[in-house]
Amino acid sequence: MRPNTELAEAAGLKIDGGIVVDKSGCTTDPNIWAAGDCASFIHNGEMIRLESVPHAIDQAEHVARNILGEATPYCPRPWFWSDQYQTKLQIAGFNRGYERAEPLASANESGLKVSYFKENLLIAVDCINDARGFMMAKRELGL
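Using the working numbering, the first residue of the sequence shown is number 11, and each one after it goes up by one.
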């Protein structure tokens with residue numbers, strides 16, 4: 011998905027895969043803020059843009075508090091889901107840069123959980139038809 015950044019470009023804002031924002035949600039114009047699917051920001055040293063409803067809500071609430079003067083950095087809590095017919099895919103964390111992946115069949119017949127590790131730390135979990143595993147992963151990752 012590509013965000014529609016035409017208006018932001020016309021306003022002279024910096025674009026890098028989306029509307030570039032700092033840790034508070036402010037764009038390159040100190041009077042313009044952005045949040046959600048259109049906003050690109052640096053996380054763990056790389057420019058990212060998250061496309062999920064939970065992120066859009068979380069970041070928008072954070073940016074609103076910053077507009078009102080809170081001035082705190084945003085730290086994403088990435089989790090996603092998609093229902094594809096009888097298959098439910100749920101993802102917690104970022105699996106970018108992982109060093110080891112550990113697949114594990116879940117208790118139900120159609121379920122699968124894959125845990126991703128970097129430097130022996132859990133960084134993400136993908137769950138297919140494993141809602142319990144997903145909730146446990148979110149808790150373990152602090153999401």
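Yeah, the Cβ is synthetic: ideal placement off N, Cα and C, and Gly gets one too.
- Shown here for A49: same chain residues with a beta carbon closer than 6 Å to its own, the five before and five after excluded, namely G28, I29 and V31 in chain order.
- Taken in chain order, the whole beta strand (DSSP E) runs of length 3 or more contained in the region 117–146 are 122–128 and 131–138.
- A buried status is given to C137, since no fewer than 16 other beta-carbon atoms sit within 10 Å of its beta-carbon.
- Per DSSP, reduced to three states, the secondary structure at R75 is helical.
- Between G107 and P88, the gap from beta carbon to beta carbon reaches 9 Å or more.
- The straight-line gap separating the alpha-carbon atoms of H65 and Q100 is approximately 14 Å.
- One Cα belongs to N41, the other to S34, and the distance between them is close to 12 Å.
- Bounds of the alpha helix (DSSP H) holding L17 are E16 to A20.
- K24 is classed as exposed because its beta carbon has fewer than 16 other beta carbons within 10 Å across all chains shown.
- Residue range W89 to Q94 is occupied by the beta strand (DSSP E) that includes W91.
- Pairwise C-beta distances place the region 136–150 in contact with the region 116–128, as three or more of them are shorter than 8 Å.
- With at least 16 other beta carbons inside 10 angstroms of its own, D68 counts as buried.
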